[in-house]
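K.L.:
Residue numbers (my numbering), protein chains in the order written: chain A, 43 to 474; chain B, 43 to 474. Ideal Cβ placement from N, Cα and C applies to all residues, glycine included. First the structure, which I've put down as structure tokens, then a few questions once you've had a look.
There are 2 protein chains.
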Amino acid sequence: MNLISKIENKDAIIAIVGLGYVGIPLALIYVEAGFKVVGIDIDKEKVNSLNNGLSYIEHIKSNRIKSAISSGFKATSDFAVIKNVDAVIICVPTPLNTYREPDLSFVLNTTRALVPFLKNDTIISLESTTYPGTTEEELKPIIEEAGFIVGENIYLTFSPEREDPGNEIYNTKTIPKICGGVTKNCLEVGVKLYSKVLDSVVPVSSTRVAEMTKLLENIHRAVNIGLVNEMKIIADKMDIDIHEVIRAAATKPFGFVPYFPGPGIGGHCIPIDPFYLTWKAREFGFHTRFIELAGEINDSMPVWVIDKVIFALNQVSKPVKGSKILLLGIAYKKNVDDMRESPSVIMMEKLRDLGAEISYSDPHVPIFPKMRHHKFDLTSVNLTQNELQKFDLVILATNHDAFDYKLIKNESKLIVDTRGIFQGDDPKIIKA
Amino acid sequence: MNLISKIENKDAIIAIVGLGYVGIPLALIYVEAGFKVVGIDIDKEKVNSLNNGLSYIEHIKSNRIKSAISSGFKATSDFAVIKNVDAVIICVPTPLNTYREPDLSFVLNTTRALVPFLKNDTIISLESTTYPGTTEEELKPIIEEAGFIVGENIYLTFSPEREDPGNEIYNTKTIPKICGGVTKNCLEVGVKLYSKVLDSVVPVSSTRVAEMTKLLENIHRAVNIGLVNEMKIIADKMDIDIHEVIRAAATKPFGFVPYFPGPGIGGHCIPIDPFYLTWKAREFGFHTRFIELAGEINDSMPVWVIDKVIFALNQVSKPVKGSKILLLGIAYKKNVDDMRESPSVIMMEKLRDLGAEISYSDPHVPIFPKMRHHKFDLTSVNLTQNELQKFDLVILATNHDAFDYKLIKNESKLIVDTRGIFQGDDPKIIKA
Numbered sequence: 043m044n045l046i047s048k049i050e051n052k053d054a055i056i057a058i059v060g061l062g063y064v065g066i067p068l069a070l071i072y073v074e075a076g077f078k079v080v081g082i083d084i085d086k087e088k089v090n091s092l093n094n095g096l097s098y099i100e101h102i103k104s105n106r107i108k109s110a111i112s113s114g115f116k117a118t119s120d121f122a123v124i125k126n127v128d129a130v131i132i133c134v135p136t137p138l139n140t141y142r143e144p145d146l147s148f149v150l151n152t153t154r155a156l157v158p159f160l161k162n163d164t165i166i167s168l169e170s171t172t173y174p175g176t177t178e179e180e181l182k183p184i185i186e187e188a189g190f191i192v193g194e195n196i197y198l199t200f201s202p203e204r205e206d207p208g209n210e211i212y213n214t215k216t217i218p219k220i221c222g223g224v225t226k227n228c229l230e231v232g233v234k235l236y237s238k239v240l241d242s243v244v245p246v247s248s249t250r251v252a253e254m255t256k257l258l259e260n261i262h263r264a265v266n267i268g269l270v271n272e273m274k275i276i277a278d279k280m281d282i283d284i285h286e287v288i289r290a291a292a293t294k295p296f297g298f299v300p301y302f303p304g305p306g307i308g309g310h311c312i313p314i315d316p317f318y319l320t321w322k323a324r325e326f327g328f329h330t331r332f333i334e335l336a337g338e339i340n341d342s343m344p345v346w347v348i349d350k351v352i353f354a355l356n357q358v359s360k361p362v363k364g365s366k367i368l369l370l371g372i373a374y375k376k377n378v379d380d381m382r383e384s385p386s387v388i389m390m391e392k393l394r395d396l397g398a399e400i401s402y403s404d405p406h407v408p409i410f411p412k413m414r415h416h417k418f419d420l421t422s423v424n425l426t427q428n429e430l431q432k433f434d435l436v437i438l439a440t441n442h443d444a445f446d447y448k449l450i451k452n453e454s455k456l457i458v459d460t461r462g463i464f465q466g467d468d469p470k471i472i473k474a
Numbered sequence: 043m044n045l046i047s048k049i050e051n052k053d054a055i056i057a058i059v060g061l062g063y064v065g066i067p068l069a070l071i072y073v074e075a076g077f078k079v080v081g082i083d084i085d086k087e088k089v090n091s092l093n094n095g096l097s098y099i100e101h102i103k104s105n106r107i108k109s110a111i112s113s114g115f116k117a118t119s120d121f122a123v124i125k126n127v128d129a130v131i132i133c134v135p136t137p138l139n140t141y142r143e144p145d146l147s148f149v150l151n152t153t154r155a156l157v158p159f160l161k162n163d164t165i166i167s168l169e170s171t172t173y174p175g176t177t178e179e180e181l182k183p184i185i186e187e188a189g190f191i192v193g194e195n196i197y198l199t200f201s202p203e204r205e206d207p208g209n210e211i212y213n214t215k216t217i218p219k220i221c222g223g224v225t226k227n228c229l230e231v232g233v234k235l236y237s238k239v240l241d242s243v244v245p246v247s248s249t250r251v252a253e254m255t256k257l258l259e260n261i262h263r264a265v266n267i268g269l270v271n272e273m274k275i276i277a278d279k280m281d282i283d284i285h286e287v288i289r290a291a292a293t294k295p296f297g298f299v300p301y302f303p304g305p306g307i308g309g310h311c312i313p314i315d316p317f318y319l320t321w322k323a324r325e326f327g328f329h330t331r332f333i334e335l336a337g338e339i340n341d342s343m344p345v346w347v348i349d350k351v352i353f354a355l356n357q358v359s360k361p362v363k364g365s366k367i368l369l370l371g372i373a374y375k376k377n378v379d380d381m382r383e384s385p386s387v388i389m390m391e392k393l394r395d396l397g398a399e400i401s402y403s404d405p406h407v408p409i410f411p412k413m414r415h416h417k418f419d420l421t422s423v424n425l426t427q428n429e430l431q432k433f434d435l436v437i438l439a440t441n442h443d444a445f446d447y448k449l450i451k452n453e454s455k456l457i458v459d460t461r462g463i464f465q466g467d468d469p470k471i472i473k474a
């Protein structure tokens with residue numbers, strides 16, 4: 043195939059659609075490997091920012107963007123650039139709607155927008171997490187309605203993103219990449235496309251298997267976190283510190299892997315992806331009971347923590363109403379600035395509704411950002427002895443390495459610790 | 043403490059109560075380290091066998107028993123030997139009764155039987171898996187009613203066994219040992235007792251934490267196997283091979299750990315231990331929903347496999363009644379002879395009830411053994427071309443390394459594969 047040799051010779055032009063946590067690192071890898079790359083996003087602010095050499099993601103440095111620009115990388119909102127490209131990699135969001143059903147609109151709108159500009163001998167690869175069958179049942183028909191034949195003059199693959207911002211050991215290049223093709227030819231081109239720039243590509247027998255693989259990875263996490271959250275509640279009733287138990291169990295060198303409880307789950311993957319399978323399973327008359335149970339328990343965690351806050355304040359004869367409460371960490375996991383689906387925001391809202399004076403501190407999020415469903419006019423409190431002493435209670439929500447835990451422990455009046463940071467018995471520390 | 047120096051100098055005499063999968067390896071380790079050891083079991087057959095230098099557990103060789111005997115090891119059913127010992131380690135079974143409630147009778151009867159012979163300055167360590175609180179709420183009162191004071195003249199610890207027969211990397215000596223004491227003194231003696239013969243002892247803050255640690259390890263396994271079994275059913279409906287998906291997901295170098303589905307769960311731990319927590323949780327008005335769900339799904343697996351058998355035979359116009367069915371592997375996991383709670387036996391009974399002519403082959407179990415609740419007058423079929431061709435269908439239930447899978451694949455008419463051994467598409471192989 044001409045396309046294979048074009049990729050081999052780095053003559054293929056790559057389009058990355060969706061310039062977020064997944065698309066930007068991937069675009070940079072292709073640029074840095076010597077490919078000509080164009081980035082597409084419907085968000086004009088993002089496009090302008092990138093073209094001005096400015097990153098909007100904390101762990102991606104602006105100088106990497108700048109040097110990509112100087113190597114010829116461009117961002118645009120105009121799908122007409124597709125006319126000249128040989129590979130289109132789709133990295134757009136796949137959220138849930140209000141009823142926790144898959145919202146494929148970004149994927150399908152992208153596909154419809156690019157098809158009019160598609161030429162023969164192009165590969166399209168979807169990276170957005172979705173239910174098994176999406177590539178074959180949704181993307182293939184749109185492409186074939188436009189007159190192409192998948193596997194003959196257009197190649198279609200599903201290759202799930204496995205980005206893990208904040209991971210210091212593995213990155214986009216070193217994380218093995220799953221790839222499934224609609225046909226054998228599709229798979230061959232897909233493997234070529236990715237193996238040219240990534241260390242390891244793992245071919246699987248179908249796009250369905252590739253789609254299911256990504257879901258299983260995240261279902262595994264959602265369920266294991268759900269399990270330890272349930273264990274946390276029962277251990278709490280039995281006056282057992284679940285964090286001590288998990289650390290002890292983790293000394294078993296086989297058959298056990300530690301997952302730690304917390305105030306709920308966040309990020310764009312774990313709270314959302316599993317429900318793509320739940321929805322698709324209904325077509326087969328099947329209930330994904332582990333996913334539902336994990337969702338229910340994980341979703342109940344912010345409320346459980348708030349109950350601990352109410353209890354702790356009550357012990358010192360205070361109601362929540364009028365109490366000054368500081369939440370430490372509003373990113374959904376440690377050492378990142380990602381606030382998507384963060385349980386911290388849920389807790390802040392619930393405490394505000396109860397009448398607390400809520401503040402937050404997060405070294406990774408200096409200003410409370412614009413969010414689709416949440417609004418706070420707050421900036422991050424700088425943690426000092428003086429500041430900490432002003433609050434009736436602090437909630438340790440995200441265990442950033444940047445926090446000064448000794449200062450927090452010494453200067454806070456009451457601490458609700460959702461991360462098992464503070465060990466041992468201290469009446470002012472409430473494990474939650 | 044005098045006891046500490048006695049242990050340090052290997053002058054302490056050790057009694058191991060319960061000479062099964064846990065007690066024998068532990069007794070041997072103490073003998074081989076130079077301690078004087080006496081083994082106690084109420085089963086006189088086991089006692090005679092050991093005293094005659096014969097092992098009744100496949101992976102423990104008789105010559106190890108023989109050399110222990112020549113080093114002075116003796117087995118007995120008489121608790122009076124306790125009079126002379128300094129440490130009693132209890133390794134008796136903790137099964138469930140018919141209503142899936144904890145059956146502590148072996149632990150409590152053992153404790154009651156040894157207390158009359160107990161002398162001051164002795165340590166008692168319980169290793170049997172049980173619910174949090176057992177050591178403090180059940181054992182301590184029995185010991186103190188006899189006039190001892192735990193922590194002063196008697197030391198009481200809980201140190202869960204972590205035996206894993208068939209594990210070629212880790213053994214009794216190299217697996218880290220959790221230890222919790224009723225008091226600080228108890229913990230100190232317990233850590234001494236185990237660290238004298240094991241590579242690593244992990245002290246925890248209470249016997250409750252030690253008890254919960256073991257439960258969490260096995261709950262983790264039960265739930266993860268339950269999850270992949272549920273995923274297997276949904277993947278099967280979507281025409282996806284779950285084994286391929288799990289292998290692909292396992293290429294992710296973080297955040298995912300592969301567990302594989304099967305025909306159900308067996309052994310003395312995973313199907314049983316989690317329900318000890320379920321039972322105890324009721325005291326706190328709490329439901330252990332992940333455990334219940336895992337139990338329900340795992341218990342349903344043999345029936346799911348039988349449905350695949352019925353379906354496969356039906357495709358070739360045969361009913362189960364009168365069909366000759368061979369079950370491969372009756373041990374509950376590969377490369378061991380342990381049949382406790384094996385789902386193979388459940389499947390054999392169901393197929394027999396449906397009128398199948400059932401046979402089995404298991405290189406580790408030459409004769410179907412005496413079991414408390416199951417009875418088959420069968421011996422293992424020797425797998426040859428000729429034998430395999432006699433059967434209408436074979437069920438691959440346990441993936442022993444000793445099986446000749448090529449022969450099985452070539453000579454069997456129909457194969458129901460519950461272990462994902464046979465990859466790719468072959469109409470005579472049914473994935474289950």
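For A/I314, would you say it is in contact with chain B, using Cβ-to-Cβ distances shorter than 8 Å as the test?
P.N.:
Chain B contact via Cβ: absent.
K.L.:
For the alpha helix (DSSP H) that contains A/K366, what are its first and last residues?
P.N.:
Looking at the DSSP string, A/K366 is not in any alpha helix (DSSP H); the run it does join, the beta strand (DSSP E), is K366 to L370.
K.L.:
State the Cα-Cα distance for the pair A/M413 and B/A373, rounded to the nearest angstrom.
P.N.:
So the alpha carbons of these two residues sit roughly 55 Å apart.
K.L.:
Is there a C-beta anywhere in chain B that falls below 8 Å from the one on A/K125?
P.N.:
No, because no Cβ of chain B sits closer than 8 Å to the Cβ of A/K125.
K.L.:
Provide the residue(s) that pair with A/G81 in DSSP beta bridges, ordered along the chain.
P.N.:
A/I58 and A/A117.
K.L.:
Does any residue of chain B have a CB that is nearer than 8 Å to the CB of A/F332?
P.N.:
It does; some Cβ of chain B falls within 8 Å.
K.L.:
Using the beta-carbon of each residue, which ones in chain A are nearer than 8 Å to B/M280?
P.N.:
The answer, in chain order, is P174, G175, R250, M254, K322 and F326.
K.L.:
Can you check DSSP and say which residues form a bridge with B/K375?
P.N.:
DSSP, once it has assigned bridges, lists no residue as partnering B/K375.
K.L.:
I need the straight-line Cα distance from B/V464 to B/N441, nearest angstrom please.
P.N.:
Checking the sequence, you will find Phe at residue 464 of chain B rather than Val. Each residue's Cα considered, the two are about 11 Å apart.
K.L.:
DSSP three-state call for A/E399: helix, strand or coil?
P.N.:
In this structure, A/E399 counts as strand in the three-state DSSP scheme.
K.L.:
Taking Cβ positions, are B/V195 and B/N162 nearer each other than 8 Å?
P.N.:
The sequence given here has Asn at residue 195 of chain B, not Val. Closer than 8 Å, so yes.
K.L.:
Between which two residues does the beta strand (DSSP E) carrying B/F353 extend?
P.N.:
Counting along the chain, B/F353 falls outside any beta strand (DSSP E), though it belongs to the alpha helix (DSSP H) covering R331 to Q357.
K.L.:
Which residues in chain B sit within 7 Å of A/S342, going by Cβ to Cβ distance?
P.N.:
The premise fails here: A/S342 is roughly 11 Å from chain B at the closest Cβ pair, so nothing lies under 7 Å.
K.L.:
Does any C-beta atom of chain A lie closer than 8 Å to the C-beta of B/L160?
P.N.:
No, B/L160 does not count as interfacial toward chain A.
K.L.:
Identify which residue in A/D85, A/I84, A/I56 and A/Y318 has its Cα closest to the Cα of A/G76.
P.N.:
Of A/D85, A/I84, A/I56 and A/Y318, the residue nearest in Cα terms is A/I56.
K.L.:
Note down, in chain order, each residue of its chain lying with its Cβ closer than 8 Å to the Cβ of B/P344, except the 5 sequence neighbours on either side.
P.N.:
For B/P344, where only same-chain residues beyond five positions count, the Cβ hits under 8 Å are P305, G306, P385, I388, M389 and K392.
K.L.:
Kindly indicate the opening and closing residues of the beta strand (DSSP E) around B/Y197.
P.N.:
Element bounds for B/Y197: I196 to F200.
K.L.:
Could you tell me which chain A residues have their CB closer than 8 Å to the CB of B/R204, listed as they occur along the chain?
P.N.:
Those within 8 Å of B/R204 in chain A are K294.
K.L.:
How would you write the range of the beta strand (DSSP E) that A/V436 sits in, first residue to last?
P.N.:
Taken as a continuous stretch (DSSP letters only), the beta strand (DSSP E) holding A/V436 covers L435 to L438.
K.L.:
Could you tell me which chain A residues have their CB closer than 7 Å to the CB of B/F291, listed as they occur along the chain?
P.N.:
In the sequence on display, residue 291 of chain B carries Ala and not Phe. Those within 7 Å of B/A291 in chain A are T255, L258 and E259.
K.L.:
Does DSSP put B/V243 in a helix, a strand or coil?
P.N.:
If DSSP states are grouped into helix, strand and coil, B/V243 belongs with the strands.
K.L.:
Please list, in chain order, the residues of the stretch 296-313 of chain A that have any C-beta partner in chain B closer than 8 Å.
P.N.:
Answer set for the stretch 296-313 of chain A: F296, G297, F298 and V299.
K.L.:
From the DSSP secondary-structure annotation, give me the bridge partner or partners of B/V130.
P.N.:
Paired residue(s): B/A57 and B/I166.
K.L.:
Which of the residues in the stretch 442-474 of chain B, read from start to end, lie with their CB under 7 Å from any CB of chain A?
P.N.:
Flagged: no residues at all.
K.L.:
Considering A/K322, what are the terminal residues of the alpha helix (DSSP H) in which it resides?
P.N.:
Start and end: P316 to R324.
K.L.:
In angstroms with no decimal places, state the Cα-to-Cα distance between B/I132 and B/Y98.
P.N.:
Computed Cα separation, rounded: 19 Å.
K.L.:
Could you name the residues that DSSP lists as bridge partners for B/P144?
P.N.:
The partner list for B/P144 (beta bridge, DSSP) reads B/L138.
K.L.:
Buried or exposed: which applies to A/V358, given that a residue is buried once 16 or more other Cβ atoms fall within 10 Å of its Cβ?
P.N.:
It is exposed - the Cβ of A/V358 has fewer than 16 other Cβ atoms within 10 Å.
K.L.:
Output the boundary residues of the alpha helix (DSSP H) element that contains B/G232.
P.N.:
Here the alpha helix (DSSP H) through B/G232 covers K226 to S237.
K.L.:
I want to see whether chain B comes within less than 8 Å of A/N213, judged by CB atoms only; does it?
P.N.:
Judged by the 8 Å Cβ criterion, A/N213 is not in contact with chain B.
K.L.:
Could you say which of A/A252, A/F159 and A/L96 lies nearest to A/E169 if we only look at CA atoms?
P.N.:
If we check each option's Cα against that of A/E169, A/A252 comes out closest.
K.L.:
For B/S237, which residues of its own chain have a beta-carbon under 7 Å away from its beta-carbon, when the five flanking residues on both sides are left out?
P.N.:
Result list for B/S237: V243, in chain order.
K.L.:
Do three or more CB pairs link the stretch 199-209 of chain B to the stretch 57-73 of chain B at distances below 8 Å?
P.N.:
Yes, the stretch 199-209 of chain B touches the stretch 57-73 of chain B.
K.L.:
How would you call A/K375, buried or exposed, if buried means at least 16 neighbouring beta carbons within 10 angstroms?
P.N.:
Buried, since its Cβ has 16 or more Cβ neighbours within 10 Å.
K.L.:
In three-state terms, what does DSSP make of B/N176?
P.N.:
Checking the displayed sequence, the identity of residue 176 of chain B turns out to be Thr instead of Asn. Of the three classes helix, strand and coil, the one that applies to B/T176 here is helix, per DSSP.
K.L.:
DSSP three-state call for B/K219: helix, strand or coil?
P.N.:
B/K219: strand per DSSP, three-state reduction.
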